[in-house]
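Only one structure is covered here, and it is reproduced in the block below.
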Amino acid sequence: MPNYLASAPCWVNVPHPNPRVTPMPEAASSAILIRDGRILMIRRRNPPSLDMFAFPGGRAEPGESPPDTALREFLEETGIRARSPREFAFYDLRAENPGRHFHLTVFLVDADASEIAEAADDATEAGWYTPAEIRGLNTPPSVIDCIEKLEREILGG
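This is the structure in structure tokens:
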């Protein structure tokens, strides 16, 4: 008996011929830590935001919740053990390169003031910036949107 499945084309990870059709979104989370009016930012080492400044974060691992993803990525990229994630924003993002689609949940987090940020993993730099300074950095549009929301709702800018 012939094995029809063996000769069937495999459509997994093949871009759809219609460019308006996007793949199933990947879950991702990032976290915002504020100290004395400054926000911790990292510079990304890898795509999709290569060499851009962003909040620490990344893709979820299988079975991981959005808050757990935010806390894990924050620790991996900054060395800071964040806690108490509170959902702040959500974005349905299509990456610039075709075939990537993310559902990004952004959280506000707390951490002990004694913890020092050190760039690691996907981060080449880590630093504290005011909202005005962040506007002058190369960032994804979602970062600027979050900064404006922070100023309206939390920082009072």
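Using the numbering used here, read the sequence shown as starting at 6 and increasing by one per residue. Cβ coordinates follow ideal geometry from the N, Cα and C atoms, glycine included.
- Boundaries of the beta strand (DSSP E) harbouring Arg-64: 62 to 64, taken from the DSSP string.
- Counting C-beta pairs closer than 8 Å gives fewer than three between the segment 148 to 156 and the segment 67 to 84, which falls short of the contact rule.
- Pairing Val-111 with Ala-87 gives a Cβ-Cβ distance that is not under 9 Å.
- For Glu-158, same chain residues with a beta-carbon under 6 Å away, outside a window of 5 residues either side, do not exist.
- Runs of the beta strand (DSSP E) spanning 3 or more residues and lying entirely within the segment 81 to 161 occur at 88 to 99, 106 to 115 and 128 to 134, in chain order.
- In the three-state reduction of the DSSP assignment, Leu-55 falls in the coil class, being assigned neither a helical nor a strand state.
- Per DSSP, the continuous beta strand (DSSP E) segment holding Leu-45 begins and ends at 43 to 49.
- Between Met-57 and the set Ala-124, Ile-47, Arg-64 and Gly-63, the nearest pair of CA atoms involves Ile-47.
- Annotation: the continuous beta strand (DSSP E) that includes Ser-35 extends over 31 to 37.
- In chain order, Arg-64, Ala-65, Arg-105, His-106, Phe-107 and His-108 place their CB closer than 8 Å to the CB of Glu-31, counting only its own chain and leaving out the 5 sequence neighbours on each side.
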